[in-house]
Every structure is written in C-alpha cells, then in structure tokens.
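Here is the structure we will look at.
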Amino acid sequence: MNAAMEAIGSAPASPARPGIRGTVMVVDDNPANLKLMEGMLRSGGYAVRSFPRGRMALASATEKVPDLILLDIDMPDMNGYEVCERLKSSVQLSEIPVIFLSAMNAPEDRLRCFRAGGVDYVSKPFQFEEVQARVDAHVRLRRLQQRIETDNFRLQELVEIQVRKIADAQMETLFAIARLAEARDDETGRHVERVQAFCKLLAIGLSERPNYKTTVSGAWIGNLVHSSPIHDIGKVAIPDRILLKPGRLTSEEFAIMKTHAALGSQTLKTVHERYPDNDFIEMGILIARSHHEWWDGTGYPDGLAGDDIPLCARVLAVADCYDALRSKRSYKPALPHAEACAMILQESGRHFDPAVTAVFAELAEGFRNVWERMETTPDIAAER
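Structure below.
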C-alpha cells in the first residue's frame, strides 16, 4: 500500500454537497496525501487550500484566514508543532482550530500536539469518515464561537449606545439645571457655554506645560468641560432678593450667598452616590465647592490655599472671573477685554494660581475671540 493509502483508508463515494460549508487548509509534505485530502474534503462541501510546507501555509493564512487547518507533524523546514505554535502566537491567526494528522502515536506526541495549541488529533492510518466528522464538528464549533463573538460585540455596542444615551440625558438634565441657576442673574443666558470654552482653552494650555502633561490628560480636560457648567448649581437655593440685589450685599446677605458653593457640592454628592463611576460628577463636586477659594487662602468655603485647591477649581476660577467681568449684571456694568485681563493678571498669586494666570495671559486673545463669537452667535441650545 502506498504512503497516501497508509494515511487515508478509503474515499467516500457520495457526491459533493451543495454550497460551501467552510474553508479548510491542509498542510502535508506528501503530494499524494494532499491530493486525496483535497478531493475528500471538497466532496464534503468544503473549499480546500493545500500546502506542502508550513511557511507557505502561514503566509497564506495571514492573507486569508481559513476556518480550520489539518496539519501533519513530520515535515521538512518547519514541523507541525512549530507551525501550530506560530499560529497561536499571532493575534490574527490564534483562533483557527488545528487538527493534527500523524502516524506518530506515542502519548508524548499527542500531548505535545495539544500543548502546541491543537484542538484534536487523528492517527494515521485513518478512515476519511472519521476525519470528516471531526472537521465538521470543529468547523461548526468555530462558527458558533464566531457567532457568539459577533453577538457579544453587537450587544456591547448596544449597551454602549444605551449608556451614552443615559449619560447624555443625565448631562442634559444637569446642564438645564445649571442654565436655570445662571439665567436668574445672567442676561445673555450663555454664561455656562462661555465658561466651558474658557476652561477648555486654559486646560489645553496647561497640558502643554511640562509640569502638567501627566495631570491634565485628554480625559481630565473632557471631565472639566463637562462639569464646568454645574459650578454654580447651588445658586438655585439663593433667594432672588440676594442673588439679584443691584447694590452691595450686607455681611449677612453675603454669608447666605457664599453658601451656594457648599450647597452645590452637597447636591452633586447626592447624584454621585447614585452614579459613583461618573468621573465628571466627581470633578463637578470639587469645582462647585472650591471655585471661590483663593490662592492666598482667603476664599471660601474652606479657606484652602495654593495647591490644596483642586486644579480644576483653580482653572474654573479664572474662566468664571473673566466671564463675570465681561458680563453686565444688575449690580455692575460689563468691562472691556483689556480691563478684564488686567484685573485677572493683577490677582495672580493672590486670588488666582500663578500658573493658570500665566496660561491665561498667553491665551488672552483666544478668550476675546470666544467672547465675541458667543456674543454674536444665536443661542442654539436655548432654541431647541
């Protein structure tokens, strides 16, 4: 009996099944074995790609991944173990099931096949019906695994879309509350949008400085932009007679006004208890409480000083102050850009963080551009 017939018992007489059930790669250095396997697998409804060398098979699999590989062990140049190990070390090819076909039947040979990454082992000589059954089973299993992976990916996408929808709804709700709080003493109604833009400018400027590259990451900037609108959310609890008073506040009135910082942070802490993984709410708590702290320690509500003040609050303080100086309120006129900038820079090291004010000085023209653009652009958010 020749080498091919020693490897394979007998070929089935049944005709080829309609349709292609999958692609099987056969790797064997014996041309007669390859030819017989091609015919038998095709009769079982499979597309077949045959290779006499392991390196050729690896190159082909990289270009077009098969559904399964039938792999001989004893081959020149690169044996079956090495071929399988190469497959399993590749991210692209590691999931291809490999069935070893070999006359090497010692227990240690079989064990080595499984250690190399094979899913099955068929001893030569064998009947084709056995090979066909194992190929069918492993191709079916692979297709089920692929379907599960696809379904899981789609499910993950759906979950992510739903999470984004919920997160967007939460943010829109908080943003609406923030706008409600600001609308009581903001004639333009765009304070929160402008402060967002100013915070982003300052944060990007800080991120380009060596001392802040690690701290001020892209995620940090995103959280700052998202949380900045809720910095004064505590104002909803301040009576109109104080919030809208045209003249100077009395000491008692100012004491009540100052409570908005603590009230805002407490409100956001309640939200954070329900959504503990929400990073922008966590930053919002810091901003709401500490954006009225002063660099020299004379601010409120906690009298924090220097680096003890959260960086996000230090950035917000400069952005909020510029917008407040440029805005007309019931108790003050609007200031021009140059005068507002001069007042902020004068407070460097006393009211404001010197590093943040240095970035502000570099980006002052950008602040002017944002202000002028938002003053002339319709309030789209209010129109929705």
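With the working numbering, the residue at position 341 of the sequence shown is 1161, and numbering never jumps.
Don't be surprised by glycine CBs; every beta carbon is placed ideally from N, CA and C.
The structure presented is a predicted model; accordingly, all values stated were derived computationally and were not measured.
Would you say the region 1067 to 1082 touches the region 1123 to 1135, given that touching needs at least three Cβ pairs under 8 Å?
No, the region 1067 to 1082 is not in contact with the region 1123 to 1135.
Please classify Ala1017 as buried or exposed, where buried requires at least 16 other C-beta atoms within 10 Å of its C-beta.
For the purposes of this step, residue 1017 is taken as the residue at position 197 of the sequence shown. It counts as buried.
Excluding the five sequence neighbours on either side, which residues of its own chain have a C-beta within less than 7 Å of the C-beta of Ala1133, listed in chain order?
Mapped onto the sequence shown, residue 1133 falls at position 313. Closer than 7 Å at the Cβ level, and outside the excluded window around Ala1133, lie Leu1106, Ile1107, Ser1110, His1111 and Glu1113.
Whole angstroms is fine: what's the gap from Pro1198's alpha carbon to Tyr1032's?
Position 378 of the sequence shown, counted from the start, is the residue given in the question as residue 1198. Position 212 of the sequence shown, counted from the start, is the residue given in the question as residue 1032. In this prediction, Pro1198 has a pLDDT of 48, which is less than 50 and means its spatial position is unreliable; nothing more can be read from the coordinates.
Put Ile889 into one of helix, strand or coil per three-state DSSP.
Start at 1 with the first residue of the sequence shown, and residue 889 comes out as number 69. Ile889 sits in a strand when the DSSP states are folded into three classes.
Under the rule that 16 or more other beta-carbon atoms within 10 Å means buried, what is Asn972, buried or exposed?
Along the sequence shown, read from residue 1 onward, the residue named residue 972 stands at position 152. So Asn972 counts as exposed.
Cutting at 7 Å between CB atoms, please list the residues of its own chain near Arg967, excluding the five before and the five after it.
Taking the first residue of the sequence shown as position 1, residue 967 is located at position 147. Within its own chain, no residue has a Cβ closer than 7 Å to the Cβ of Arg967 once the five positions on either side in sequence are excluded.
Mapping DSSP to helix, strand and coil, what is Asp956?
In the sequence shown, counting from the first residue as 1, residue 956 sits at position 136. Reduced to three states, the DSSP call for Asp956 is helix.
Note the first and the last residue of the continuous alpha helix (DSSP H) segment covering Ser863.
Position 43 of the sequence shown holds residue 863. Taken as a continuous stretch (DSSP letters only), the alpha helix (DSSP H) holding Ser863 covers Pro851 to Ser863.
Return the first residue and the last residue of the alpha helix (DSSP H) that Tyr1142 is part of.
As a first step, residue 1142 is located in the sequence shown; it is residue number 322 there, counting from the start. Start and end: Leu1131 to Arg1146.
How do the region 886 to 895 and the region 907 to 921 stand: do at least 3 beta-carbon pairs fall below 8 Å, yes or no?
Judged by Cβ distances under 8 Å, the region 886 to 895 makes contact with the region 907 to 921, as three or more pairs qualify.
Could you give the DSSP three-state label for Met845: helix, strand or coil?
Position 25 of the sequence shown holds residue 845. Note: Met845 maps to strand in three-state DSSP.
Tell me the DSSP secondary structure of Leu913 in three-state form.
Taking the first residue of the sequence shown as position 1, residue 913 is located at position 93. It is coil, neither helix nor strand.
Name the two residues that bound the continuous alpha helix (DSSP H) containing Val1056.
Walking along the sequence shown from the start, residue 1056 turns up at place 236. Careful: Val1056 lies outside any alpha helix (DSSP H) and carries neither H nor E.
To the nearest angstrom, how far is the alpha carbon of Arg935 from that of Tyr941?
Position 115 of the sequence shown, counted from the start, is the residue given in the question as residue 935. Position 121 of the sequence shown, counted from the start, is the residue given in the question as residue 941. Straight-line Cα distance between these residues: approximately 12 Å.
Based on DSSP bridge pairs, tell me the residues matched to Tyr941.
Within the sequence shown, residue 941 is the residue found at index 121, counting from 1. Under DSSP, the beta-bridge partners assigned to Tyr941 are Phe920.
Close Cβ partners of Ser910 (< 8 Å) along its chain, the five nearest in sequence each way excluded
Stepping through the sequence shown from its first residue, residue 910 is reached at position 90. Closer than 8 Å at the Cβ level, and outside the excluded window around Ser910, lie Thr882.
Considering only their Cβ atoms, is the gap separating Val885 from Ser870 smaller than 8 Å?
Position 50 of the sequence shown, counted from the first residue, corresponds to residue 870. Position 65 of the sequence shown, counted from the first residue, corresponds to residue 885. It is not a contact, given that the beta carbons lie outside the stated cut-off.
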